[in-house]
Amino acid sequence: MSALDWARLLALTSLGAPAVAFVVLATRTMLARPWREERIGRFVGVAFTLSVLAAVALLAVMLALEIPALRVSFGVLFQLGHYRIEPSLSIDRLSLPFVLITSALCGIVGAFSHRYLHLESGYNRFFVLLTMFASAMLLLVTADSAVLVFASWELLGITSALLVAFYHERRGPVANGLWVWGIYRISDIGLIAMALLLVHTAGSEQFSSLFGPEAWPHRLSLGFFESRSSAAALPFATPLALLVVFAALGKSAQLPFSSWLPRAMEGPTQSSAIFYGALSVHAGAYLLLRVAPLLEQSFVARLLVITLGGTTAIHATLVERTQSDIKAALSYASLAQVGLIFVEIGLGFRLLAVAHIVGHACVRSLQFLRAPSLLRDVRAWRAALPLEDEARDDRSVSPALRALYAHALGRFHLDALLRRGVVEPVRGLFEALARAEEGLVERIKRGADDDGEGHS
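Position one of the sequence shown corresponds to residue 4 (the numbering used here), numbered consecutively onward.
Now the structure itself:
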């Protein structure tokens, strides 16, 4: 085997280990023969350890051999004339850091969950969903085609909704899981429309072939689109970019879709850490980084990313200061940082955005995992550093600031706005279509009955 073949084997090992763990656990669950907790914990730990070690070895091989990108193709899935769909993976300077951080953080959360969920009835179910999520996330960050991006995007949405509704014996988690799933489905329209338009206009849905070998991330850019001239021009660049931005806004909970993120805190603490502190909440930002050469060609899309990202950061900062529970406060703190990451991407600071994502994912995961111990930590701090509470004079707060924080307490009524502006109109439309369909079926039945009586 050549060095390149070894590199491909390491890549498939890193990506495949969590997928194999998912298939094994899911199969045993469907057969009603799940393993005991101890065996599940060891098995998942070995899978994630193998994934991390293979990713580290792959990084060393690519650096030693100066391989800028490693491509793995699954062959032509569909071809009609010049239209061609060829799913493929690409391990490059952008995807490899995310492979490492995904495998490492999922492994840490798995080890934490082994003790945290001890004797929980949903122990096996959680690890099935965790390995499914890791497989989907690894597929997303390495996908070189819009088809694989969409497939992994959908798997992320399914696992997210199922983990929000993890405690399904209560009504609240189920309702919030459905709300999260609904927002995901709305934003998914942008991604599937982008994939269809890309195939129709460019004849291919592979990012590497569309953007060319000299575009980002193969040619690094420190900011303000130094590599603009290296990316191939695409037809319908602005509509394509706007569709991608729409999909990214929903997955990363940017305005106007921000209200689903605090609802997602209904799930277990460790799922909140890995999903909404570390990885899933950054999926939209990663998608924008992957299609950055497309954003270069659309000033409108870049302006929209900067505007909505900055507005979300301000909105989330204000709301975070009024939250009374730690998980909601951390969720809005995550939202503010992701908004800043969107601004960095819109301005063209891609390497800064990558570093920001990796650092934020690590810090926020630690904060979420430490959240259950917060009260004990506060008592310890107060015992070690006794401080007198300073009296606050409420009159020092201006009326304008009071009004602002009053709205922040209500989270600026985003839920109500979404319900009135999106949910109720869409529900009304489908209810009207259902009534029209029922009426049509009834008329067809009456017509058939009349014809039968006439013949008799």
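The beta carbon of each residue, even a glycine, is placed where N, CA and C say it ideally should be.
Exercise. Residue ranges of each alpha helix (DSSP H) run of no fewer than 4 residues wholly in the region 60 to 121, ordered along the chain?
Worked result: Counting only runs of 4+ residues, the alpha helix (DSSP H) found wholly inside the region 60 to 121 occupies 98 to 119, in chain order.
Problem set entry | Helix, strand or coil at S376 according to DSSP, with G and I counted as helix | Counted from its first residue, the sequence shown places residue 376 at position 373. S376 falls in the helix class under three-state DSSP.
Exercise. What are the residues that DSSP puts in a beta bridge with S148?
Worked result: Looking up residue 148 in the sequence shown gives position 145. According to DSSP, which records beta bridges pairwise, S148 is partnered with Q209.
Problem set entry | Three-state secondary structure (DSSP) of W38 | As a position in the sequence shown, residue 38 is number 35, starting the count at 1. DSSP places W38 in coil when its eight states are reduced to three.
Exercise. In three-state DSSP terms, what is Q257?
Worked result: Numbered from its first residue, the sequence shown carries residue 257 at position 254. In this structure, Q257 counts as coil in the three-state DSSP scheme.
For this session: State buried or exposed for W488, treating a residue as buried only when at least 16 other CB atoms are found within 10 Å of its CB.
Result: The displayed coordinates of the chain run from 4 to 459. Any statement about residue 488 would go beyond what the structure contains.
For this session: Just mark H327 as buried or exposed, buried being the case when its beta carbon has 16 or more other beta carbons within 10 Å.
Result: Within the sequence shown, numbered from 1, the residue matching residue 327 stands at position 324. The question names His, but residue 327 in the sequence shown is Ser. The residue is exposed, with fewer than 16 neighbouring Cβ atoms inside 10 Å.
Exercise. Is it the case that the Cβ atoms of G312 and G349 are separated by a distance below 8 Å?
Worked result: Working through the sequence shown from its first residue, we reach residue 312 at position 309. Working through the sequence shown from its first residue, we reach residue 349 at position 346. It is a contact, given that the beta carbons lie within the stated cut-off.
Problem set entry | For S124, three-class secondary structure by DSSP | Taking the first residue of the sequence shown as 1, we reach residue 124 at position 121. Coil, per DSSP.
Problem set entry | Boundaries of the alpha helix (DSSP H) in which D418 is found, first to last residue | Counting from 1 along the sequence shown, the entry for residue 418 is found at position 415. L417 to L421 is the extent of the alpha helix (DSSP H) around D418.
Exercise. In angstroms, rounded to a whole number, what distance separates the CA positions of L298 and L378?
Worked result: The residue given as residue 298 occupies position 295 in the sequence shown. The residue given as residue 378 occupies position 375 in the sequence shown. One alpha carbon belongs to L298, the other to L378, and they sit about 45 Å apart.
Exercise. Leaving out the 5 sequence neighbours to the left and right, which residues in its chain are closer than 6 Å to V303 when beta-carbon positions are compared?
Worked result: Sequence index remark: in the sequence shown, residue 303 carries index 300 (1-based). Spatial neighbours of V303 in its own chain (CB-CB distance under 6 Å, excluding positions within 5 residues in sequence) are listed in chain order as T241.
Exercise. Taking just the CA atoms, how far does K330 sit from G175?
Worked result: Along the sequence shown, read from residue 1 onward, the residue named residue 175 stands at position 172. Along the sequence shown, read from residue 1 onward, the residue named residue 330 stands at position 327. If you draw a straight line from the Cα of G175 to the Cα of K330, it comes to about 16 Å.
For this session: Pick out whichever of V248, F210 and L246 has its Cα sitting closest to the Cα of A236.
Result: The sequence position of residue 236 within the sequence shown is 233, counting from 1. Answer by Cα proximity: F210.
For this session: Locate the alpha helix (DSSP H) running through P265, then write down its first and last residues.
Result: Counting from one through the sequence shown, the residue named residue 265 turns up at place 262. In the DSSP assignment, P265 falls within the alpha helix (DSSP H) that extends over W263 to R266.
Exercise. Of the residues L417, S283 and T204, which one's Cα is nearest the Cα of T162?
Worked result: Numbered from 1 along the sequence shown, position 159 holds the residue referred to as residue 162. Nearest of L417, S283 and T204 to T162, Cα basis: S283.
For this session: Kindly list the residues whose CB is nearer than 6 Å to the CB of A251, restricted to its own chain and excluding five residues on each side of it in sequence; keep chain order.
Result: Residue mapping note: residue 251 aligns to position 248 of the sequence shown, counting from 1. By the criterion of a C-beta distance shorter than 6 Å, A251 is surrounded in its chain by G287, L290 and L291, once the five residues flanking it on both sides are discounted.
Exercise. Do I94 and T145 have their C-beta atoms within less than 8 Å of each other?
Worked result: The residue labelled residue 94 in the question sits at position 91 within the sequence shown. The residue labelled residue 145 in the question sits at position 142 within the sequence shown. The Cβ-Cβ distance between I94 and T145 falls below 8 Å.
Problem set entry | C-beta atoms of D8 and R74 nearer than 8 Å | As a position in the sequence shown, residue 8 is number 5, starting the count at 1. As a position in the sequence shown, residue 74 is number 71, starting the count at 1. Not closer than 8 Å, so no.
For this session: In angstroms with no decimal places, state the Cα-to-Cα distance between A356 and W38.
Result: For this step, residue 356 is matched to residue 353 along the sequence shown. For this step, residue 38 is matched to residue 35 along the sequence shown. Going by the C-alpha atoms only, they are around 41 Å apart.
Exercise. Given 8 Å as the limit, is there contact between the region 178 to 193 and the region 114 to 126, that is, 3 or more CB pairs closer than that?
Worked result: Segments in contact, no.
For this session: Hey, could you find the ends of the alpha helix (DSSP H) S301 is sitting in?
Result: As a working note, residue 301 is residue 298 in the sequence shown. Neither: S301 is in no alpha helix (DSSP H) and is coded neither H nor E.
Exercise. Got a sec? Which residues, its chain only, sit under 6 Å from G160 by beta carbon, not counting five neighbours each side?
Worked result: On the sequence shown, position 157 is the one that residue 160 refers to. In the same chain as G160, and ignoring 5 residues on each side of it, the C-beta atoms closer than 6 Å to its own belong to Y187, in chain order.
Problem set entry | Simplified DSSP state of T320, which is helix, strand or coil | Residue numbering aside, residue 320 sits at position 317 when the sequence shown is read from its first letter. Reduced to three states, the DSSP call for T320 is helix.
Exercise. Applying the criterion that 16 or more other CB atoms from any shown protein chain within 10 Å of the CB defines a buried residue, is H171 buried or exposed?
Worked result: In the sequence shown, residue 171 corresponds to position 168, counting from 1. Exposed: under 16 other Cβ atoms inside 10 Å.
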